[in-house]
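A.B. asks: Have a look at the structure that comes next, please.
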Amino acid sequence: MSDVVEKTLTALPSLLSLDSHPGSAKLSSTSKLGNLIRGITELTSKHEEEKLIQHELLAIKEQVSSPNTTMMKELMVRSIYCEMLGYEASFSYIHAIKLAQQGTVLEKRVGYLAVSLFLNESHELLLLLVNTVLKDLQSTNLIEVCMALTVVSQMFPKDMIPAILPLVEEKLNHPKEIIRRKAVLALYKFYLIAPNQVQHIHNKFRKALCDKDPGVMTASLHIYLQMIQENPEAYKDLTPSFVTILKQVVGGKLPMDFNYHTVPAPWLQIQLLRILSLLGKNDQRTGGKISFKV
């Protein structure tokens, strides 16, 4: 077996935390998943793989349907793995939603992950998750709020955006930078699928651009790049702000975490240059503001 597979199997217990007993070297509930991965890597034909996965899916289907199952987290992970290999596990979709709705924090995390991988924005089952997202966005638990914002930024029914927009908008003022950052990304998603619904909060995007946390500022650039591509004239007054940010990036003013092989945030530099090129295109006056020395 390859080193990669061995390392994956070794890491699974700590990553999934499927055993309630602290300090356990091996988790009994991960053995079936581990055996499945091992079995897949040892097969020699596609036919054998199909036979093994179909047998696995039948076993998962029987277990998730049992009212007394205590292994729902692990069953969801096994379902995810089967789908990653290209085999449909549609029977588990509703159970993933239930796990996100009713589980502990860890169970909700697995449930949300499964939902984001299983469903798309047009899937009818996604509507069943709306009330759960609304509830978690109002939670005092930071992890629950993060999970809700994450799934919202990935997929959410377009028709339900008005119901959730005020809560997401409110998170732009949250004291925790990770919440503000995820809120900006959620609004970016809303802008992509329903731009007219977020027109009234453009001023708040400007506040995010000047956020003291560089992660929030970076997230806001996704929105600005999209808006400037559509209407550069409306944002030319922000040219000095983008130039200032670029100077700070090139000057190494951001935390070391943003560096890549000693280069200060290269992906951020590229995005800022794209924005500035759009703002200065065929505009000598604006182009003059862009010229600077670090």
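Counting from 1, position 198 in the sequence shown corresponds to residue 190 in the working numbering; the numbering is continuous, with no gaps. Think of the CB as a built atom: it goes at the ideal place given N, C-alpha and C, for glycine as much as any other residue. These numbers come from a predicted model, not from an experiment.
Just to confirm, is the Cβ distance from Leu121 to Val137 under 8 Å?
C.D. replies: Counting from one through the sequence shown, the residue named residue 121 turns up at place 129. Counting from one through the sequence shown, the residue named residue 137 turns up at place 145. Result no, Cβ atoms of Leu121 and Val137 do not sit closer than 8 Å.
A.B. asks: Am I right that Met64 and Leu111 are in contact with their C-beta atoms under 8 Å? What's the rounded C-beta distance?
C.D. replies: Residue numbering aside, residue 64 sits at position 72 when the sequence shown is read from its first letter. Residue numbering aside, residue 111 sits at position 119 when the sequence shown is read from its first letter. Contact doesn't hold; Cβ gap of about 17 Å is too wide.
A.B. asks: Quick check: the Cα distance between Lys196 and Gly207, rounded to an integer number of angstroms?
C.D. replies: Here residue 196 refers to the residue found at position 204 of the sequence shown. Here residue 207 refers to the residue found at position 215 of the sequence shown. Roughly 16 Å between the two C-alpha positions.
A.B. asks: Where Glu225 and Leu201 are concerned, what is the direct C-alpha to C-alpha distance, given to the nearest angstrom?
C.D. replies: Taking the first residue of the sequence shown as position 1, residue 225 is located at position 233. Taking the first residue of the sequence shown as position 1, residue 201 is located at position 209. Answer to the nearest angstrom: the Cα atoms are 18 Å apart.
A.B. asks: Going by other Cβ atoms of all chains shown within 10 Å of its Cβ, with 16 needed for buried, is Val241 buried or exposed?
C.D. replies: One-based indexing of the sequence shown puts residue 241 at position 249. The residue is buried, with at least 16 neighbouring Cβ atoms inside 10 Å.
A.B. asks: Look at the alpha carbon of Ile237 and the alpha carbon of Gln189, and state the distance between them as a whole number of angstroms.
C.D. replies: Along the sequence shown, read from residue 1 onward, the residue named residue 237 stands at position 245. Along the sequence shown, read from residue 1 onward, the residue named residue 189 stands at position 197. About 28 Å.
A.B. asks: CA-CA distance, Arg300 and Lys38?
C.D. replies: This structure cannot settle anything about residue 300, because the visible part of the chain is limited to -7 through 286.
A.B. asks: Quick check on the DSSP output: the alpha helix (DSSP H) that includes Glu222 runs from which residue to which?
C.D. replies: As a first step, residue 222 is located in the sequence shown; it is residue number 230 there, counting from the start. For Glu222, the uninterrupted alpha helix (DSSP H) run begins and ends at Pro206 to Glu222, by DSSP.
A.B. asks: Expressed to the nearest angstrom, what Euclidean distance is found between the alpha-carbon atoms of His253 and Leu260?
C.D. replies: On the sequence shown, position 261 is the one that residue 253 refers to. On the sequence shown, position 268 is the one that residue 260 refers to. Taking the straight line from one Cα to the other gives about 14 Å.
A.B. asks: By alpha-carbon positions, which one of Glu116, Leu141 and Ser114 ends up nearest to Lys127?
C.D. replies: Within the sequence shown, residue 127 is the residue found at index 135, counting from 1. Comparing Cα positions, the closest option is Leu141.
A.B. asks: May I ask you to report which of helix, strand or coil DSSP gives Pro149?
C.D. replies: One-based indexing of the sequence shown puts residue 149 at position 157. Coil.
A.B. asks: Under 6 Å Cβ to Cβ from Asp205, same chain only, skipping five residues before and after it: list those, please.
C.D. replies: In the sequence shown, counting from the first residue as 1, residue 205 sits at position 213. Correct list, in chain order: Glu169.
A.B. asks: With burial defined as no fewer than 16 other Cβ atoms inside 10 Å of the residue's Cβ, what is the status of Gly243: buried or exposed?
C.D. replies: Stepping through the sequence shown from its first residue, residue 243 is reached at position 251. That one is exposed.
A.B. asks: Just to check my reading of the structure: Ala186 and Lys163 have Cβ atoms closer than 8 Å, yes? What is that Cβ distance to the nearest angstrom?
C.D. replies: The count along the sequence shown starts at 1 and reaches residue 186 at position 194. The count along the sequence shown starts at 1 and reaches residue 163 at position 171. Contact doesn't hold; Cβ gap of about 18 Å is too wide.
A.B. asks: Looking at C-alpha atoms only, which residue of Leu117, Lys24 and Glu113 is the closest neighbour of Ser71?
C.D. replies: To locate residue 71, count along the sequence shown from 1; it is residue 79. Per the Cα distances, Lys24.
A.B. asks: Can you tell me whether Ile267 is buried or exposed? The criterion is at least 16 other CB atoms within 10 Å of its CB, across all chains shown.
C.D. replies: In the sequence shown, counting from the first residue as 1, residue 267 sits at position 275. Burial call: buried.
A.B. asks: Are the Cβ atoms of Leu44 and Ile32 separated by less than 8 Å?
C.D. replies: Here residue 44 corresponds to residue number 52 of the sequence shown, with the count starting at 1. Here residue 32 corresponds to residue number 40 of the sequence shown, with the count starting at 1. For Leu44 and Ile32, yes; Cβs fall inside 8 Å.
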